[in-house]
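See below for the structure under consideration.
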Amino acid sequence: QTQYTISNAMDVGNPSNFPRILELYHKLHPAIANDIKGYWYSDDQTRSAMYDIFKQFAYQSDPHGAIAYAGLKEFGIKKDNFNIFLETAHPAKFSDEAEKSAIQKVQIPDILKKILLLEKNAVKIPNDYFSFKKHLKQLI
Numbered sequence: 002q003t004q005y006t007i008s009n010a011m012d013v014g015n016p017s018n019f020p021r022i023l024e025l026y027h028k029l030h031p032a033i034a035n036d037i038k039g040y041w042y043s044d045d046q047t048r049s050a051m052y053d054i055f056k057q058f059a060y061q062s063d064p065h066g067a068i069a070y071a072g073l074k075e076f077g078i079k080k081d082n083f084n085i086f087l088e089t090a091h092p093a094k095f096s097d098e099a100e101k102s103a104i105q106k107v108q109i110p111d112i113l114k115k116i117l118l119l120e121k122n123a124v125k126i127p128n129d130y131f132s133f134k135k136h137l138k139q140l141i
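Taken in order, the sequence shown gives residues 2 to 141; the numbers are from our numbering.
This is the structure in structure tokens:
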């Protein structure tokens, strides 16, 4: 059962990228578990991580990046290594949460401001590669 969180990209019961990971590891769960560690955090812990990132690095994180950072910290930051965490979006996508957690207004880049003013242009196509390819060819 899926539960709503402030990290909505993680609110999926059957993640679309998991089959790709399975293929990379030839469907061997022990191999996956050997290389990939999983951590999970509550919304309050996520907000706390967003606040910590802002206070320590003067960087406004999105909730997904904050979870990655919290996982990196829990896994153990190594002083002699590079420690990298990645984000999925600009904090403006989660401005309410980002502003609450960092106690600062999110600065929206000019290019994103322009994009937000554009009219939405969505086209429904069947869920298969042939239809997708056909649609793309019509655009060029």
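Glycine residues also receive a C-beta, built at the ideal position from the N, C-alpha and C atoms.
Inter-residue distance for Ala50 and His65 is about 10 angstroms (C-alpha atoms, whole angstroms).
With a cut-off of 8 angstroms on Cβ pairs, the region 118-133 is not in contact with the region 92-105, counting fewer than three such pairs. Using a C-beta cut-off of 8 angstroms, the region 62-80 makes no contact with the region 19-37, since fewer than three inter-stretch Cβ pairs fall below that distance. Boundaries of the alpha helix (DSSP H) harbouring His30: 30-36, taken from the DSSP string. In this structure Tyr40 is exposed. Its beta-carbon is surrounded by fewer than 16 other beta-carbon atoms within 10 angstroms. Pairing Ile54 with Ala10 gives a Cβ-Cβ distance that is not under 9 angstroms. Excluding its 5 nearest sequence neighbours in each direction, Ser132 has C-beta neighbours in its own chain below 8 angstroms: Ile126, listed in chain order.
DSSP assignment within the region 15-72 yields the following whole alpha helix (DSSP H) runs of 4 residues or more, N-terminal first: 19-25, 30-36, 44-58. Taking a C-beta distance under 9 angstroms as the contact criterion, Gln61 and Gln108 qualify as a contact pair.
Taking 9 angstroms as the cut-off, the Cβ atoms of Ala71 and Gln46 count as close. Membership of Ser8 in any alpha helix (DSSP H) is not indicated, and neither H nor E is assigned to it by DSSP. Sixteen is the threshold: when 16 or more other Cβ atoms of the shown chains lie within 10 Å of the Cβ of Ile7, as they do, the residue is buried. Phe83 and Leu73 do not touch by the CB rule: their CB atoms are close to 11 angstroms apart, not below 8 angstroms. Counting only residues of its own chain and dropping the five nearest sequence neighbours on each side, Lys101 has a CB closer than 8 angstroms to the CB of Arg48.
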